[in-house]
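Just so you know, the sequences run in chain order A and B.
If you want our numbering, it's the position in the first sequence, counting the first as 1, plus 6.
If you want our numbering, it's the position in the second sequence, counting the first as 1, plus 6.
Glycine is no exception: its CB is placed at the ideal position from the N, C-alpha and C atoms.
These numbers come from a predicted model, not from an experiment.
Report on the following structure.
Protein chains: 2
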Amino acid sequence: MKIAGKHYRSVWPIGEDAFGIIDQTKLPHELATLTLKTADDAAHAIKSMQTRGAPLIGAVAAYGLALAVRADPSDESLARTHDMLADTRPTAINLRWALQRVVDRLRNRERSERASLAWKEAAAIADEDAAMCESIGRHGLGIIRELAARKKSKLNILTHCNAGWLATVDWGTALAPVYMAHDEGIALHVWVDETRPRNQGASLTAFELGAHGVAHTIIADNAGGHYMQAGEVDLCIVGTDRVTANGDVANKIGTYLKALAAKDTGVPFYVALPSSTIDWTLASGRDIPIEQRSADEVLKMTGRTSAGTLATVEIAAPGSPAANPGFDVTPARLVTGFITERGVCAATEEGLRSLFPGHQK
Amino acid sequence: MKIAGKHYRSVWPIGEDAFGIIDQTKLPHELATLTLKTADDAAHAIKSMQTRGAPLIGAVAAYGLALAVRADPSDESLARTHDMLADTRPTAINLRWALQRVVDRLRNRERSERASLAWKEAAAIADEDAAMCESIGRHGLGIIRELAARKKSKLNILTHCNAGWLATVDWGTALAPVYMAHDEGIALHVWVDETRPRNQGASLTAFELGAHGVAHTIIADNAGGHYMQAGEVDLCIVGTDRVTANGDVANKIGTYLKALAAKDTGVPFYVALPSSTIDWTLASGRDIPIEQRSADEVLKMTGRTSAGTLATVEIAAPGSPAANPGFDVTPARLVTGFITERGVCAATEEGLRSLFPGHQK
Chain A
7 MKIAGKHYRS
17 VWPIGEDAFG
27 IIDQTKLPHE
37 LATLTLKTAD
47 DAAHAIKSMQ
57 TRGAPLIGAV
67 AAYGLALAVR
77 ADPSDESLAR
87 THDMLADTRP
97 TAINLRWALQ
107 RVVDRLRNRE
117 RSERASLAWK
127 EAAAIADEDA
137 AMCESIGRHG
147 LGIIRELAAR
157 KKSKLNILTH
167 CNAGWLATVD
177 WGTALAPVYM
187 AHDEGIALHV
197 WVDETRPRNQ
207 GASLTAFELG
217 AHGVAHTIIA
227 DNAGGHYMQA
237 GEVDLCIVGT
247 DRVTANGDVA
257 NKIGTYLKAL
267 AAKDTGVPFY
277 VALPSSTIDW
287 TLASGRDIPI
297 EQRSADEVLK
307 MTGRTSAGTL
317 ATVEIAAPGS
327 PAANPGFDVT
337 PARLVTGFIT
347 ERGVCAATEE
357 GLRSLFPGHQ
367 K
Chain B
7 MKIAGKHYRS
17 VWPIGEDAFG
27 IIDQTKLPHE
37 LATLTLKTAD
47 DAAHAIKSMQ
57 TRGAPLIGAV
67 AAYGLALAVR
77 ADPSDESLAR
87 THDMLADTRP
97 TAINLRWALQ
107 RVVDRLRNRE
117 RSERASLAWK
127 EAAAIADEDA
137 AMCESIGRHG
147 LGIIRELAAR
157 KKSKLNILTH
167 CNAGWLATVD
177 WGTALAPVYM
187 AHDEGIALHV
197 WVDETRPRNQ
207 GASLTAFELG
217 AHGVAHTIIA
227 DNAGGHYMQA
237 GEVDLCIVGT
247 DRVTANGDVA
257 NKIGTYLKAL
267 AAKDTGVPFY
277 VALPSSTIDW
287 TLASGRDIPI
297 EQRSADEVLK
307 MTGRTSAGTL
317 ATVEIAAPGS
327 PAANPGFDVT
337 PARLVTGFIT
347 ERGVCAATEE
357 GLRSLFPGHQ
367 K
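The following block contains the structure:
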C-alpha cells in the first residue's frame, strides 16, 4: 500500500544476500528501514518487534532462514536456524509454517543449489502472502458492500491491533477489505483500538489508514464496548495469529473482550486470515501457548516530546509489578465468520474444512 | 488509609476558609497537596481531575460551595455556585447529591449563619463518606472471606480504575473490602487494570495498594479477560459513578467489557457503592449522560523520564484524531451484586429497594 503516494511492501529482497524491512518500532514517529543480512538479524527483528504481524514474520523468518542456508547449507545449520527462528514468537503459527516450507523445499537437494532455492522460496512466500491478502480483501469487500447497502450511510468498522499491510507483506488481512471498500468509494470510518500495551493500533493502524486517506478515530481499548452499545459500530474485523481446527482464535490481547461486546450487542465480528494461520494440529484454543512479554511494555511508554525527539517515560506507580500476556483466545462461538483467501466461512471446523478440505489433524 | 505509615484522607478542612486535597494528577510520581480557597478553585480541581472519584468529588464540591457561601451567602450566589459546580462532571451523581444536601441545609436559614452551617454540612458529608466506605468494606469483607475459605489459597481480585481511598474520603469503595481482608491476614492479590486513557489503575490504585502493602500486578485493560479465562481471577470488584433504579451501572470506560468477561467465565462481579451513588430518578442506564473528555488523554501520556522529571509524550500517529468517552454502562444483568453501606443486594430494583426502601422515582 501507499505512504505519501509511494508504494511500499513491508519486506523486500536486496539482491540475494540481504533483505529490507520497515522498522515498525520507529513508527508512527519516523519511517525508517533496516537491512538484515543474517538469520540472527532476522531473529532479532522479530523478537524486538521491529517487524511484526503474523503473516509478515513468516516471510521475514523465511528470508532469514534463506540467509543462513547461504552462509552454511548443511542440514545441521538448517535445523538449528529453523529452531532458533521458530522460537522467536511462540504464538504465531505462520512463522512455523513458513520455516517448514523452506525446509521442505530443500529436502534431498544438493547443498550447492540450496541457497538459491531457499531464497526463491522466501520470495514466493512473500509474493503469495500479498496475493492471499488481496484475495482476503476481495472476499471481505463483499461483506462491507452488503452492510453499506443496507445501512445507506457511513459504515463504522472497529479493528483491534494492526492487521493491516504493515502486519503482512502488502494489503493486510483485516484492513484489506477496508482499503478496497474505501478505494471504490464506500463511505466508511474505522474505530482504531489503541491496543495497549504496545499501541499497535494508535501507532501502526492509525498511521497506515491515515497514509492511505481512510477516515479513522483512535479510541482507548476500553471504549469499543461503549460504542457498540451506542450503535456506532456496524462491523468488527480483526486479524489472528493462530486459528485452531475448531475455529478458536488467538489474537492480540483484548480481542476476546471486543468479541464478547460484539456478541452482546449484535455486531458482526469477523476474523480475517490467510489459511497458513490455521493450525490443524490443535483441536481448540486451550492448547495455544500464550506468549508472556516484558512488564516494561506495560510500565513504560515511548512517544514524541514537544521538542520532536523520542522519549520513554515510566507511567505506573514506582515499584509496582506488571504482567503482560501478548494474546488471548476468542472462542469460535463469538466469531461471526472467517474471511480467508478462498472465501468466507463459519467459525467452525466444518466451515474451515468446507474451504480447505483434506487437512489432517 | 496510610502512605508510608502516615494516615491520610483525600480531603481535609483548613480552618473554615480553605480545604486541602491531594493533587492526584501528580500521583504516582509525586505526593503533592493543594490548598483550595474558593468555589472556583474547587471547580477547577474537579474538572482537571486533581481530585476525582465519584464519592470524593461530592465532598470537594460541598466544601467548594461552603466557601462560596462564606464569600456571599445570598440565594443567588448559592444557586449560581451550585450550578457551576454541578456542571463540572456530568456523569457522577454524588456530586449533585452533595451539592443539594448543602443547599437543603441552608433553606430558610439566616444569611449570617449560612457560612458556618454550610461548612459543617460539608464536613459531615466527608465524615459520613468515610464511615459509609468503612461499612461497605465490612460487607464486602464477608464476600472475600467466603471465597477465600472456599479456595483455600491466595485469592485473586480484579479491579478497574481507582475506587480506593483516593476516590473517596477514606477507605475507598471497591478497595475497602480488599484493605480489610488484607489487614486481617487473608492471602490476596489484586489485578490492577491500567485503565486507559487516564491510567488511574496503574497510577492511583497501584500506588495506594503498594503504599498499604497489598500484593498487586498492573495489567493492560486488554488482559483481564484472558486471566478470567485462565481461572486466575476469583472476584471482580469495581466502583461506580451512578447506579440507576434498575441496577444499571455507569463506571469508568471499559467496565462493561470486564463485566462481560466475568459473566462469560463465571467470575463474580460486584459493584461497591455508597447509596448516594444511586440515581432513583433514572429508570435505566440508557438515560445516563456520558462525559466526552479530551482527545489529548488518548493521544498523549505523561510519565517520569530517566532523569526523574515529568514529561508528556505524544504516542499516536501524527494527525490521527481520537475520541474519549469517560464512562460506559454495565447492564444490571451482568452484575452479581451491589456492596453498599447497608449490606449486599442483588443488582435489581427490588434488590436496591430491599436495602433502601422509601425512595421515589
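Query: Nearest-angstrom Cα distance between residue 220 (chain A) and residue 195 (chain A)?; Result: 7 Å
Query: Take residue 168 (chain A) as the anchor and find which of A:55, A:324, A:228, A:38 has the nearest alpha-carbon.; Result: A:55
Query: Quick one: using the 10 Å Cβ neighbour count with 16 as the cut-off for buried, is residue 116 (chain B) buried or exposed?; Result: exposed
Query: Taking beta-carbon pairs under 9 Å, can you tell me which members of the stretch 293-319 of chain A lie near chain B?; Result: 296, 301, 303, 304, 305, 306, 307, 308, 309, 310, 311, 312, 316, 317, 318, 319
Query: Please list the partners that residue 262 (chain B) has in chain A, where partner means a Cβ-to-Cβ separation under 8 Å.; Result: 231, 232, 235, 267
Query: For residue 209 (chain A), go through chain B and note every residue whose CB falls closer than 9 Å to its CB, in chain order.; Result: 321, 322, 323
Query: Flag residue 275 (chain A) as yes if its beta-carbon sits less than 8 Å from any beta-carbon of chain B, otherwise no.; Result: no
Query: According to DSSP, simplified to helix, strand and coil, what is residue 307 (chain A)?; Result: strand
Query: So, does the CB of residue 372 (chain A) fall closer than 8 Å to a CB anywhere in chain B?; Result: Since the first residue shown for chain A is 7 and the last is 367, residue 372 (chain A) is missing from the structure and cannot be characterised.
Query: Going by the DSSP bridge assignment, what does residue 25 (chain A) pair with across the sheet?; Result: A:19, A:42
Query: For chain A, is any of its Cβ atoms less than 8 Å away from the one on residue 223 (chain B)?; Result: yes
Query: Can you round the beta-carbon distance between residue 108 (chain A) and residue 68 (chain A) to whole angstroms, since I take them to be within the 8 Å contact cut?; Result: 5 Å
Query: For chain B, is any of its Cβ atoms less than 8 Å away from the one on residue 326 (chain A)?; Result: yes
Query: Could you list the residues in the stretch 155-171 of chain A with a C-beta less than 9 Å from some C-beta on chain B, going in chain order?; Result: 166
Query: For the stretch 245-256 of chain B against the stretch 324-338 of chain B, are there 3 or more C-beta pairs whose distance is under 8 Å?; Result: yes
Query: Check the Cβ of residue 19 (chain B) against every Cβ in chain A and list those closer than 7 Å, keeping chain order.; Result: Those do not exist, as residue 19 (chain B) stays about 28 Å from chain A at its closest Cβ, beyond 7 Å.
Query: Counting pairs of beta carbons, one from the stretch 323-331 of chain A and one from the stretch 195-212 of chain B, are three or more of them closer than 8 Å?; Result: yes
Query: Which residues, in order along the stretch 341-365 of chain A, keep a beta-carbon less than 8 Å from a beta-carbon of chain B?; Result: none
Query: Below 8 Å, can you find three or more Cβ-Cβ pairs linking the stretch 227-235 of chain B to the stretch 255-271 of chain B?; Result: yes
Query: Alpha carbon to alpha carbon, what distance is there between residue 104 (chain B) and residue 81 (chain B)?; Result: 17 Å
Query: In chain order, what residues of the same chain have a beta carbon less than 8 Å from the beta carbon of residue 192 (chain A), not counting five sequence neighbours either side?; Result: 150, 151, 154, 161
Query: When burial is assigned at 16 or more other CB atoms within 10 Å of the CB, is residue 156 (chain B) buried or exposed?; Result: exposed
Query: Specify the secondary structure class of residue 226 (chain B) as computed by DSSP and reduced to three states.; Result: coil
Query: Tell me the start and end of each unbroken beta strand (DSSP E) in the stretch 258-322 of chain A that is at least 3 residues and wholly inside, in chain order.; Result: 275-278, 306-310, 316-320
Query: Spatial neighbours of residue 145 (chain A) within its chain, please: C-beta separation below 6 Å, excluding the five flanking residues on both sides.; Result: 345, 349, 350
Query: Go ahead and label residue 176 (chain A) buried or exposed: buried means 16 or more other beta carbons lie within 10 angstroms of its beta carbon, across all protein chains shown.; Result: buried
Query: Got a sec: does the ligand NAP put a non-hydrogen atom nearer than 7 Å to the Cβ of residue 121 (chain A)?; Result: No copy of the ligand NAP appears in this structure; indeed no ligand is present at all.
Query: Just tell me which of A:261, A:299, A:64, A:302 has its CA closest to the CA of residue 136 (chain A).; Result: A:64
Query: Apart from the five residues on each side of it in sequence, which residues of its chain come closer than 6 Å, Cβ to Cβ, to residue 148 (chain A)?; Result: none
Query: Note down, in chain order, every chain B residue with its Cβ under 7 Å from the Cβ of residue 244 (chain A).; Result: In chain order: nothing, as chain B lies at least about 12 Å away.
Query: Would you mind telling me which residues of chain B sit closer than 8 Å to residue 202 (chain A), beta carbon to beta carbon, in chain order?; Result: 200, 202, 226, 227, 228
Query: With DSSP collapsed to three states, give me the class of residue 352 (chain A).; Result: coil
Query: Report the residue from B:59, B:189, B:66 whose alpha carbon sits nearest the alpha carbon of residue 47 (chain B).; Result: B:66
Query: Would you mind giving the Cβ-Cβ distance between residue 201 (chain B) and residue 260 (chain B), rounded to the nearest angstrom? I have them listed as a contact below 8 Å.; Result: 7 Å
Query: For residue 343 (chain A), does the three-state DSSP call read helix, strand or coil?; Result: strand
Query: Run the CB neighbour count on residue 13 (chain B), radius 10 Å, all protein chains shown included, and call it buried at 16 or more, exposed below.; Result: exposed
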